[in-house]
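Student:
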Amino acid sequence: MKVTAIGTGYVGLVTGACLAEMGNHVVCLDVNPEKIRILNEGQIPIHEPGLLEVVRRNVEAGRLQFTTDVDMAVQHGTMLFIGVGTPPDEDGSADLQYVVAAARSIGQRMTDYKVIVDKSTVPVGTADKVRAAVKEELVKRGLGDMAFAVVSNPEFLKEGAAVEDFSKPDRIIVGSDDEQATLLMRALYAPFNRTQDRMVVMDVRSAEFTKYAANAMLATRISFMNELALLAERVGADIELVRRGIGSDPRIGYQFLYAGAGYGGSCFPKDVKALVKAASDAGIPLKVLTAVEEANERQKHVLVDKVVARFGSDLKGRRFAIWGLAFKPNTDDMREAPSLVIIDELTKRGATVAAYDPVSMPETARVLGPRDDVTLVDRAEAALQGADALLIVTEWKEFRTPDFDAIKGSLKAPVVFDGRNLYDPKLMKALGIEHYGIGRGATV
Ligand code: NAD
Ligand code: UDX
28 MKVTAIGTGY VGLVTGACLA EMGNHVVCLD VNPEKIRILN EGQIPIHEPG
78 LLEVVRRNVE AGRLQFTTDV DMAVQHGTML FIGVGTPPDE DGSADLQYVV
128 AAARSIGQRM TDYKVIVDKS TVPVGTADKV RAAVKEELVK RGLGDMAFAV
178 VSNPEFLKEG AAVEDFSKPD RIIVGSDDEQ ATLLMRALYA PFNRTQDRMV
228 VMDVRSAEFT KYAANAMLAT RISFMNELAL LAERVGADIE LVRRGIGSDP
278 RIGYQFLYAG AGYGGSCFPK DVKALVKAAS DAGIPLKVLT AVEEANERQK
328 HVLVDKVVAR FGSDLKGRRF AIWGLAFKPN TDDMREAPSL VIIDELTKRG
378 ATVAAYDPVS MPETARVLGP RDDVTLVDRA EAALQGADAL LIVTEWKEFR
428 TPDFDAIKGS LKAPVVFDGR NLYDPKLMKA LGIEHYGIGR GATV
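Under my numbering, the first residue of the sequence shown is numbered 28, with each subsequent residue one higher.
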């Protein structure tokens, strides 16, 4: 089939590349010429495991191309995927300007039947807005009768596992009121849907809602565990043991049950805010979700609270090593990363920071800009030299079994604030390392 991905970010690029992998002819369009230049030079603008190989293979096979040429891109696809950003507006609601602009650019150019697929995360009712924008542009061109369908197909991939998640989805949500469009979506997704039927077809509004409900549910689990961790610490229980104890119940399950330094990324924070705002606008305030967001804001400060409890609130003259900057492992994405709050809180109190991340240092440098109080170092060990303590913020694999002797030898005193509960508190005690985890009340 002929497919166009409008917006070549995390979602658009992964969608385009993975659909090309199944034999479709895909054009990826972006308004950012720099992204398209990088892609046309055989590189990818993001760190995403396995993606470069899929992209290169399909470019070489002639099934995948990248362009800023809107005319060509709109003409090319029968299926036009909109995967542009939906960032939070000032009031927390999803800013739909990029989605509507993409819809207009389609309406201004299409000359035959198109299935317009909303892949961006968008509030209930957005498909109607997309339909109206396309129609308005068609009417302006005297083509008001031209047929097209608008389908909702939210994306559930996780960064760092995006190719795997897209290629082996646990569900494919299709919101469609148009039979022909549904059939085309079935055909397009058939290769990803072979062992069992994972496609759930529903009305458009329910599909739009499903995406927010999923992210809100997952964020709720994390915030709830983070709150339980605070309590566990206070009453002398270990949240890691509690996690295993409750995760074994299949109704609860083990995934997304890790207490930590707070959730970040480009989805949970903005989607929780958008759903809270949409609910309040609809007159059904979501009290639980409001608390989820508040708990997460507090959680991003928990590690620094522990630093302050240990070293005092005046951190002038102190230096802290940070391991892990990306909002989660296997990505260089820094959007809403808890590390940014932690760096801010430490430096605000007069400390300096030496930070290391296996892949997100260039992105961190871009986001932070030049800073005297933050040094980005190119090896984990280098961050430790002469630091008062080590803070673990992202659970990259290479931090899981470090050289503890080197940690002890390089820090001024062996103090570790373990924001992702990587280390066994008993082992740390045995090694003579002062260890502060999240919710490890029974063992500290
Ligand atoms: P992104 O910022 O990485 O990419 C969006 C791209 O769209 C940018 O490259 C931008 O230049 C481009 N763009 C904007 N307007 C355009 C237009 N009119 N025409 C062509 N290109 C245009 O965003 P993302 O992380 O891929 O997220 C996209 C959407 O998917 C959001 O709604 C997000 O919530 C949702 N989503 C993201 C993830 C994720 O893990 N990142 C997962 C699921 C869903
Ligand atoms: C999320 C959703 O998982 C995905 O389905 C959706 O399509 C996009 O948003 P992503 O943000 O890429 O994916 O990563 P995810 O693995 O969900 O992690 C989000 C944040 O939650 C990270 O900051 C992570 O550290 C945190 N997290 C996750 C926890 O604190 N504890 C956990 O148990 C799991």
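Glycine included, each C-beta is placed from N, C-alpha and C at the ideal position. This structure is a prediction, so every number in the text was calculated from the model and none was measured.
I'd like the ranges of any alpha helix (DSSP H) spanning at least 4 consecutive residues and lying wholly in the region 246 to 308.
Tutor: As summarised for the region 246 to 308, the continuous alpha helix (DSSP H) elements at least 4 residues long and confined to that stretch are 266 to 274, 295 to 308, given in chain order.
Student: What would DSSP say about MET229, mapped onto helix, strand or coil?
Tutor: strand
Student: Can you find the residues in the same chain that come closer than 8 Å, C-beta to C-beta, to VAL471, ignoring five residues on each side of it along the sequence?
Tutor: Residue confidence is low: VAL471 scores 43 on pLDDT, short of 50, so the model does not pin down where it sits. No coordinate-derived value is stated.
Student: Within the region 51 to 106, note down every full alpha helix (DSSP H) run reaching 4 residues or more, in order along the chain.
Tutor: 60 to 67, 78 to 87, 97 to 103
Student: Can ARG447 and TYR290 be called in contact, C-beta distance under 9 Å?
Tutor: Not closer than 9 Å, so no.
Student: Whose C-beta lies closer than 8 Å to the C-beta of ASP430 among residues of the same chain, with five residues either side of it excluded?
Tutor: GLU408
Student: Taking 8 Å as the line, does the beta carbon of ALA19 fall inside it for any heavy atom of the ligand NAD?
Tutor: Outside the shown range of the chain (28 to 471) lies residue 19, about which nothing can therefore be said.
Student: Any heavy atom of the ligand NAD inside 8 Å of the beta-carbon of CYS294?
Tutor: yes
Student: Using the DSSP secondary-structure output, state which residues sit across from SER179 in a beta bridge.
Tutor: ASP145, GLY202
Student: Do ILE460 and GLY351 have their beta-carbon atoms positioned less than 9 Å apart in this structure?
Tutor: no
Student: Thinking PHE354 and PRO365 are a contact (beta carbons under 8 Å), I'd like their distance in whole angstroms, please.
Tutor: 7 Å
Student: Decide if GLU363 is buried, meaning its Cβ has at least 16 other Cβ atoms within 10 Å, or exposed.
Tutor: buried
Student: Assuming ALA208 and VAL142 are in contact, meaning their beta carbons sit under 8 Å apart, how far apart are those beta carbons, in whole angstroms?
Tutor: 5 Å
Student: Could you check if ARG221 is buried or exposed, using at least 16 other CB atoms within 10 Å of its CB as the buried criterion?
Tutor: That one is exposed.
Student: Would the C-beta of LEU284 count as close to the ligand UDX, meaning under 8 Å from any of its heavy atoms?
Tutor: Proximity of the beta carbon of LEU284 to the ligand UDX is indicated: a heavy atom of the ligand is located closer than 8 Å.
Student: Grab the span of the beta strand (DSSP E) containing ASP445 for me, first residue to last.
Tutor: 442 to 445
Student: Where in the region 106 to 167 do unbroken runs of the beta strand (DSSP E), each at least 3 residues long, occur, reported from the N-terminal end onward?
Tutor: 106 to 109, 141 to 145
Student: Mind checking whether the beta-carbon of LYS185 lies closer than 8 Å to any heavy atom of the ligand UDX?
Tutor: Using a cutoff of 8 Å, the CB of LYS185 counts as near the ligand UDX, since one of the ligand's heavy atoms is closer than that.
Student: Out of GLY339, VAL166, GLU422, LEU91, which has the shortest C-alpha to C-alpha gap to LEU56?
Tutor: LEU91
Student: According to the Cβ coordinates, are GLY475 and VAL335 closer than 9 Å?
Tutor: Coverage of the chain is limited to positions 28 through 471, which leaves residue 475 absent and any answer about it impossible.
Student: By DSSP, does ALA382 sit in helix, in strand, or in coil?
Tutor: Looking at ALA382 - three-state DSSP - the assignment turns out to be strand.
Student: Would the beta-carbon of ASN242 be found less than 8 Å away from any heavy atom of the ligand UDX?
Tutor: Under cutoff, so the answer is yes.
Student: With C-beta atoms as the reference, is MET137 less than 9 Å away from VAL111?
Tutor: no
Student: How do the region 184 to 196 and the region 268 to 288 stand: do at least 3 beta-carbon pairs fall below 8 Å, yes or no?
Tutor: no
Student: In chain order, what residues of the same chain lie with their CB nearer than 6 Å to the CB of ASP177, ignoring the 5 residues before and after it?
Tutor: Residue identity check: residue 177 is Val in the sequence provided, not Asp. The residues are ILE143, ALA154, VAL157, ARG158.
Student: For THR391 and ASP399, which I take to be in contact (beta-carbon distance under 8 Å), what is that distance rounded to the nearest angstrom?
Tutor: Incorrect: roughly 15 Å between the Cβ atoms, too far for contact.
Student: Based on DSSP bridge pairs, tell me the residues matched to HIS462.
Tutor: HIS462 pairs with VAL443.
Student: Determine the closest residue to SER179 out of VAL319, ILE273, MET106, with distance taken between C-alpha atoms.
Tutor: Answer by Cα proximity: MET106.
Student: What whole-angstrom Cβ distance do VAL30 and GLY104 have, given they're in contact under 8 Å?
Tutor: Contact flag correct, Cβ pair sits at about 5 Å.
Student: Please name the residue, chosen from ASP332, PHE426, VAL231, GLU182, that lies closest to GLY202 on a Cα-to-Cα basis.
Tutor: Closest by alpha carbon: VAL231.
Student: Using the three-state DSSP reduction, which class does ARG398 fall into: helix, strand or coil?
Tutor: The answer is coil: DSSP assigns ARG398 none of H, G, I, E or B.
Student: Comparing C-alpha positions only, which one of ALA121, ASN51, PRO441, PRO218 sits nearest to ASP415?
Tutor: PRO441
Student: Within the same chain, show all residues whose beta-carbon is closer than 8 Å to that of VAL126, passing over the 5 residues directly before and after it, in chain order.
Tutor: The answer, listed in chain order, is ILE109, VAL111, THR113, ASP145, SER147, VAL149, THR153, LYS156, VAL157.
Student: State the Cα-Cα distance for the pair THR237 and ALA129, rounded to the nearest angstrom.
Tutor: 22 Å
Student: Measuring only from the beta carbon, is LYS355 closer than 8 Å to any heavy atom that is part of the ligand UDX?
Tutor: yes
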